[in-house]
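Engineer: The structure under discussion is supplied below as structure tokens; questions concerning it will follow.
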Amino acid sequence: MGTYREKCAKMSSLIGIHFLVAPSSFLWNYGNLSAYMESFFHVYCNSSCVDGDSQFIPNLFVASICPGIYLSGPISSALGLKWTGVLSLAICNIGLISSTWTVQISVTATAFTMGFLNGVGMGMSLCVGFMYVSVWTDRHKGLFIATVTSAPTILSVAQNQIITAYVNPKNLKPDTEVGPRTFFSDVAMMKRVPVIILIYGVMTLGLQVIGTLLVMPPPSYPQKQNCTTKTIHTTSENISVDIAKGDSISKKPPRSYTPLEALRTRSFVALWFFVVALMYGMILKNNFYKQFGLTFIQNDMLLTLLGSLIPIVASIARITFGWLMDRDILSIRTCMVIILSANSLLCAFWWFAPQVGTVVYVVLVLGLASMQSVTYTLVAAGTLQIFGPHHFAGNFAMVYTAVTTIAIVSGLTVTPMLQSLGWFWLFASSSILSAVVVFLPL
1 MGTYREKCAK
11 MSSLIGIHFL
21 VAPSSFLWNY
31 GNLSAYMESF
41 FHVYCNSSCV
51 DGDSQFIPNL
61 FVASICPGIY
71 LSGPISSALG
81 LKWTGVLSLA
91 ICNIGLISST
101 WTVQISVTAT
111 AFTMGFLNGV
121 GMGMSLCVGF
131 MYVSVWTDRH
141 KGLFIATVTS
151 APTILSVAQN
161 QIITAYVNPK
171 NLKPDTEVGP
181 RTFFSDVAMM
191 KRVPVIILIY
201 GVMTLGLQVI
211 GTLLVMPPPS
221 YPQKQNCTTK
231 TIHTTSENIS
241 VDIAKGDSIS
251 KKPPRSYTPL
261 EALRTRSFVA
271 LWFFVVALMY
281 GMILKNNFYK
291 QFGLTFIQND
301 MLLTLLGSLI
311 PIVASIARIT
321 FGWLMDRDIL
331 SIRTCMVIIL
341 SANSLLCAFW
351 WFAPQVGTVV
361 YVVLVLGLAS
371 MQSVTYTLVA
381 AGTLQIFGPH
391 HFAGNFAMVY
401 TAVTTIAIVS
411 GLTVTPMLQS
421 LGWFWLFASS
431 SILSAVVVFL
441 PL
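What follows is the structure in structure tokens.
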């Protein structure tokens, strides 16, 4: 009877985890939502609204994921996974729902609510989800991590359609040019922007509540003393061999390394720079695939459809790479080379694609999405495999400092680069960065 109950609790928890990480869909929705929010700030809202660079909204979101992940470790040790999940739910949805008000008064305030608070909550919920996967699954951790990170991307398919159907039901074209950008000026559209943010926030809250109710206390969760037990010391060369071999996560229990021990390894350096290169490309894609596309493709709904296809392709890529890593067909090192090379090549042709044709642009953006989306799966699975489960929150947060770094740097440089150099060199910068990282000695 106990075994049956445990199986039911396991099934319920694994289903609930997928709802718990719903805030991650923001990464896939913002590229669509930003086209309307940018127009709202620059055309409809009064001049005092633009008191900062709206680039910091998604960048603060991405940067705040790392603190959220790091906080999950000590908070879960003190409160348990269940209440850590509840806390992440509260922080995330306070940020999202309050953005309905802040978007009408200030870019800076919106960056704090929709960016910072939402990002911290998302990081906590993501790490809690991964910790649930770690304790509820004995096998195929890579595959389950892939499905958990894919669930929000699939969710964003519906959310993107809802956003555009509500805000721009007539498929109006942007009609106001400001520098290299174009904006919508229709008053009726602009009035719907705060409302759609509220709808989006309530939707996220509801899904996370369902996930919180479904997840169950794990039968054996590593307690605080496990984080302070003595760890076996190895050299950085040992861990570099682990990356090259790509041993399956489920085949043998990994050794556990403290964050300071992990920091001194070449594998940490490899994962850190991998995240920097891929997240920079992802920031550009999420922010500009629609804004840049509208410059040459005058069809808002078509580009929204592209935004809905992105998470489908991304989910397939994540699950495929997760499965290949579990089966030892691809090592983590091989995955890194493939993804960085593809990202560099696609970014090099990004500026030309919409001028060649709509189909070419669609294929290029979907190719970028499929490669960049594997970042979460590969980094989470790699952290578990190489550094062990006992210090997962700390080690994962250390690797994720790369996200915080590139989010802050790109927030300061992307807009000036776009204004001074134009779209071509903005996209080329991502291509060059990936090309450099793929040739770094690992």
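Note that the sequence shown covers residues 1 to 442 in UniProt numbering.
Note that beta-carbon positions come from the ideal geometry of N, C-alpha and C, so glycine has one too.
1. My assumption, with CB atoms under 8 angstroms, is that Ala-353 sits in contact with Val-360. Please give the rounded CB distance.
2. Once the 5 residues before and after Thr-3 are set aside, which same chain residues still bring their CB inside 6 angstroms of it?
3. Using the rule of at least 16 other Cβ atoms within 10 Å of the residue's Cβ for burial, across every protein chain shown, is Gly-16 buried or exposed?
4. Terminal residues of the continuous alpha helix (DSSP H) containing Tyr-361?
5. Relative to the C-alpha of Ser-156, which residue among Phe-392, Asn-299, Met-325 and Phe-19 is closest?
6. Can you tell which of Lys-170, Trp-83, Ala-262 and Ile-197 has its C-alpha closest to the C-alpha of Thr-110?
7. Do Ala-407 and Val-107 have their beta-carbon atoms positioned less than 8 angstroms apart in this structure?
8. Are the beta-carbon atoms of Met-371 and Asn-343 separated by less than 8 angstroms?
9. Can you say whether Glu-177 is buried or exposed, counting buried as having 16 or more other CB atoms within 10 angstroms of its CB?
10. Go to Asp-51, then tell me how far its alpha helix (DSSP H) extends in each direction, as first and last residue.
11. Report the start-end ranges of each alpha helix (DSSP H) in the segment 379-439 that is 4 residues or longer and not cut off at the edges.
12. Below 8 angstroms between beta carbons: does that hold for Tyr-257 and Asn-395?
13. For Met-279 and Pro-74, what's the separation of their Cα atoms in angstroms?
14. Got a sec, what are the start and stop residues for the alpha helix (DSSP H) Asp-186 sits in?
15. Just reading off the alpha helix (DSSP H) that Pro-311 is part of, what are its end residues?
16. Please work out which residues of its chain come closer than 6 angstroms, Cβ to Cβ, to Tyr-289, disregarding the five sequence neighbours upstream and downstream, and give them in chain order.
17. In angstroms, rounded to a whole number, what distance separates the CA positions of Val-86 and Thr-212?
18. Less than 6 angstroms between C-beta atoms, sequence neighbours within five positions excluded: which residues of the same chain meet that for Ile-329?
19. Using beta-carbon positions only, say whether Ile-65 and Met-114 come within less than 8 angstroms of one another.
20. Measure the beta-carbon distance from Thr-147 to Trp-28 and round it to whole angstroms, keeping in mind my assumption that it falls under 8 angstroms.
21. When DSSP labels each residue in this structure, what does Val-103 get in the three-state scheme?
22. In the DSSP assignment, find the unbroken alpha helix (DSSP H) run with Ala-348 in it and report its ends.
23. Report yes if the CB atom of Thr-405 is closer than 8 angstroms to the CB atom of Val-276, and no otherwise.
24. Should Arg-264 go down as buried or exposed, given a rule of 16 or more other Cβ atoms within 10 Å for buried?
25. Among the residues of its own chain, which have a CB less than 6 angstroms from the CB of Ile-283, if the five just before and after it don't count?
Structural biologist: The answer reads as follows:
1. 5 angstroms
2. none
3. buried
4. 358-372
5. Phe-19
6. Ile-197
7. no
8. yes
9. exposed
10. That residue, Asp-51, is in no alpha helix (DSSP H); it is neither H nor E in DSSP.
11. 392-421 and 423-438
12. yes
13. 26 angstroms
14. No alpha helix (DSSP H) contains Asp-186, which DSSP labels as neither H nor E.
15. 300-326
16. Gly-31 and Val-365
17. 7 angstroms
18. none
19. no
20. About 16 angstroms separates the two Cβ atoms, so there is no contact after all.
21. coil
22. 332-348
23. yes
24. exposed
25. Ser-410
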